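Numbering (the working numbering), first residue to last: 25 to 362.
So, in structure tokens, the structure goes:
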């Protein structure tokens, strides 16, 4: 989902024959980091340092620093994708309590600021106009179209008119958060380009929120279908409760599917874009002829992938919201309803 990310290796270095490790470069840019890398030129890196907040396991003290001023005893572990570790008194290395503002966290804050600005401006328009006589146009009209599409066609139709209202704010928030995060991820320079929805920690949190919304507020019919479904007795009680175990397993597989679906699709988009970008540097390292041919191919594919990722940004937000609404609707199934 990154249109162009400056590589650590410059074109001059590539021409000199230095080997380009494409998997390492791709994984480096997909991983979260303690600074926001902007560009590289002649071996020098332009980055925005982000605040690091860690608690020492040896002394219990809190440390506030940046990636360039780590306290003594702390180091970045290459074996653990650049995470901060601490050397303990017994010589071992241990992960400290880490509350740092990483690149993914900073990107989330930027997305939250964008969403607050957008919806407060829309709310200000509705406050100044009579919605019965004035129809919104332009940007406000577009936002109303998106909101009503998700509200009526996805949330209301999937959950049901009787139960949808308490869940509408959460599901609308999830849709616009994922959609906006995906769009910002397409921006090749700061403040975009972070791999947020391609981070499994983020998709895990969203999936857990949906799982809680499903199971905490589910009705009795939902739990009856899990622990005492309408199947022959030997399937649900004797000699083993086969169906209840399968249904209980489904309580966890549904949010797991949501988590993996969003994570895998967005991670794949990032990886493909970065790989085509690396091909440009690989081509020049093989000579001018290969460079011109591979560069032309890479640029065409990058343009195509950018257009495709615009569609994927919407589709993944839509699918996550729709499946969440469907699962919530199943938790409010009425007795005897098909």
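Ideal placement from N, C-alpha and C gives every residue a C-beta, glycine not left out.
Predicted model, so just to flag it, every value in this text is computed and none were measured.
The alpha-carbon separation between residue 150 and residue 250 amounts to approximately 45 Å. Straight-line measurement puts the Cα of residue 169 at about 26 Å from the Cα of residue 131.
Boundaries of the alpha helix (DSSP H) around residue 245: 244–251. The C-beta separation of residue 183 from residue 356 comes to about 7 Å, placing the pair in contact by the 8 Å criterion.
The segment 137–147 makes contact with the segment 199–212, as at least three CB pairs between them are under 8 Å. With fewer than 16 other Cβ atoms inside 10 Å of its own Cβ, residue 92 counts as exposed.
Residue 76 holds the alpha-carbon nearest to the alpha-carbon of residue 125 among 351, 185, 248, 76.
Residue 218 is classed as buried because its beta carbon has at least 16 other beta carbons within 10 Å across all chains shown. Contact between residue 340 and residue 286 holds: their C-beta atoms lie close to 6 Å from each other, under 8 Å. Per DSSP, residue 194 is one residue of the alpha helix (DSSP H) stretching across 192–209. Here the alpha carbon of residue 84 sits roughly 48 Å from the alpha carbon of residue 335. With contacts defined by Cβ atoms closer than 7 Å, residue 278 and residue 351 form a contacting pair. Counted as a single uninterrupted DSSP element, the beta strand (DSSP E) harbouring residue 63 occupies residues 59–65. Between the segment 212–227 and the segment 180–194 there are fewer than three inter-stretch CB-CB distances shorter than 8 Å, so the stretches are not counted as touching.
Just so you know, the alpha carbons of residue 246 and residue 146 end up roughly 38 Å apart. For residue 94, no beta strand (DSSP E) encloses it, and the DSSP letter there is neither H nor E.
DSSP, reduced to helix, strand and coil, places residue 218 outside both helices and strands of the structure shown, so it counts as coil.
Residue 81 and residue 95 have their C-alpha atoms roughly 13 Å apart.
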